[in-house]
Ligand code: URP
Ligand code: ZN
Ligand code: ZN
């Protein structure tokens with residue numbers, strides 16, 4: 001007797017969509033094929049629905065002290081919101097300051113995440129390259145944390161890695177089959193521009209985006225890739241927003257460099273016109289939102305394989321935190337000062353709906369591509385495949401059932417995070433997750449959360465060396 005049988009759905013992988021049943025025993029997928037209802041303790045009829053491996057969120061910042069703020073969700077709340085969006089595993093970053101041990105901080109972060117209802121993992125973070133910090137890379141990789149994040153900006157916040165740190169982390173990561181992850185923005189370009197805006201006394205939301213233009217990102221992107229080529233390591237660039245950076249990536253791929261590029265759904269669906277609005281500060285994130293033209297470049301990058309991953313870069317701050325250091329004008333409008341606004345926006349719950357709707361329903365990409373971009377490729381590159389990222393016998397029974405006909409108008413009421421606004425308010429999506437199953441347990445059904453606080457487990461990761469030696473995840 002199986003614990004669960006899911007009948008009649010279309011099971012999606014990167015390379016196929018097959019109508020078949022799924023049998024689940026305990027936490028694992030037991031088999032794919034044809035099963036009779038009498039073989040399962042519970043039987044779910046998924047007729048007409050698509051069944052994808054649970055979404056993996058490898059890029060979020062929850063309960064992360066940054067620019068004087070912490071975030072609106074606890075890890076448990078974050079996991080509930082994530083689960084409503086089909087997410088069955090998420091990863092956050094170690095909190096790091098100068099002098100901290102990256103290894104100790106990564107383990108501390110994993111402990112904070114124990115209350116999650118879904119599985120979780122942690123990325124290390126580097127802000128300096130002391131011999132002690134660099135030595136931690138090996139310890140982290142051995143522990144099952146083979147990914148290490150660095151920021152090329154945020155110098156004033158004390159979390160920027162300088163070029164020397166990047167090189168040293170790249171070298172050491174290479175020696176332990178690790179993968180550095182880089183936030184590419186030139187601190188020099190951003191800070192020089194911000195200083196000019198300060199002198200001109202115009203720190204409007206619109207000027208935030210102008211201070212961090214495409215070239216601010218593209219210069220740092222190219223520098224990181226040259227460092228990568230010099231050292232010969234694998235590299236992952238997070239939240240890429242523009243065609244110029246993608247052209248650098250294409251050149252790198254042409255040389256065979258294992259450079260993995262992530263983008264986020266907000267860069268595909270929201271644009272810099274939001275900064276013209278009174279509440280434009282709610283859309284302040286780094287890199288900034290760009291133009292529809294750049295979004296089309298990103299879609300091309302998704303189609304041609306230049307971009308292999310998506311991540312929401314979820315930073316769920318409510319209005320109170322986004323506005324914490326702002327003042328108002330006598331007429332009640334904001335005294336606009338983007339230097340006083342915490343960077344980041346919410347998005348973990350809507351990554352899959354947006355990729356399904358803007359991608360599949362609008363005919364830009366296939367559902368198989370969405371499977372890659374939200375799950376399979378992420379499991380592969382971050383080192384938890386085939387435990388995660390695939391519906392196959394022996395894999396964790398992390399599953400999301402999707403109704404491609406379901407239409408939803410996004411709003412704060414529809415979502416399950418702890419904030420009082422939704423930047424996608426009124427956005428129509430077609431294609432939505434209707435059931436989320438984490439390690440065999442139905443955790444979201446009929447819009448209701450049925451999971452359990454603390455049920456998530458820490459997932460130890462190890463990256464397939466093939467993915468680190470050459471570009472591609474096959
Ligand atoms: O604006 C953003 N993305 N804030 C979070 C930190 C980061 O840059 O990833
Ligand atoms: Zn970032
Ligand atoms: Zn981020």
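Residue numbers (the UniProt record's numbering): 1 to 474. Beta carbons: idealized from backbone N, C-alpha and C, even for Gly.
Asked: Any non-hydrogen atom of ligand 1 closer than 7 Å to residue 38 Cβ; Found: no
Asked: Own chain, CB closer than 7 Å to residue 442, minus 5 neighbours either side, in chain order; Found: 435 and 450
Asked: Simplified DSSP assignment, three categories, for residue 93; Found: strand
Asked: Close Cβ partners of residue 19 (< 6 Å) along its chain, the five nearest in sequence each way excluded; Found: 10
Asked: Assumed close pair residue 438, residue 118 - CB separation to whole angstroms, cut-off 8 Å; Found: 5 Å
Asked: Under the three-state DSSP convention, the category residue 331 falls into; Found: coil
Asked: Extent of the continuous alpha helix (DSSP H) run through residue 287; Found: Taken as a continuous stretch (DSSP letters only), residue 287 belongs to no alpha helix (DSSP H), as it is neither H nor E.
Asked: Option in 75, 464 and 131 with minimal Cα separation from residue 418; Found: 75
Asked: C-beta contact flag for residue 79 and residue 116 at 8 Å; Found: yes
Asked: Where residue 187 falls: helix, strand or coil (DSSP); Found: helix
Asked: contact_flag[the region 343–354, the region 310–317] where n(CB pairs < 8 Å) is 3 or more; Found: yes
Asked: Short Cβ contact (8 Å threshold) for residue 480 with residue 447; Found: Residue 480 is absent from the model: the chain starts at 1 and stops at 474.
Asked: Three-state secondary structure (DSSP) of residue 35; Found: coil
Asked: Run of the beta strand (DSSP E) containing residue 56, from where it starts to where it stops; Found: 55–57
Asked: Residue 42 classed as buried or exposed, judged by whether at least 16 other C-beta atoms fall within 10 angstroms; Found: exposed
Asked: Stretch pair the region 389–409 + the region 420–431: three plus CB contacts closer than 8 Å; Found: yes
Asked: Spatial distance of residue 234 from residue 456 (CA atoms); Found: 29 Å
Asked: Residues near residue 244 in its chain [Cβ-Cβ closer than 6 Å; skip 5 each side]; Found: 214 and 218
Asked: Helix, strand or coil at residue 254 [DSSP, three-state]; Found: helix
Asked: Local conformation of residue 384 per DSSP, three classes; Found: coil
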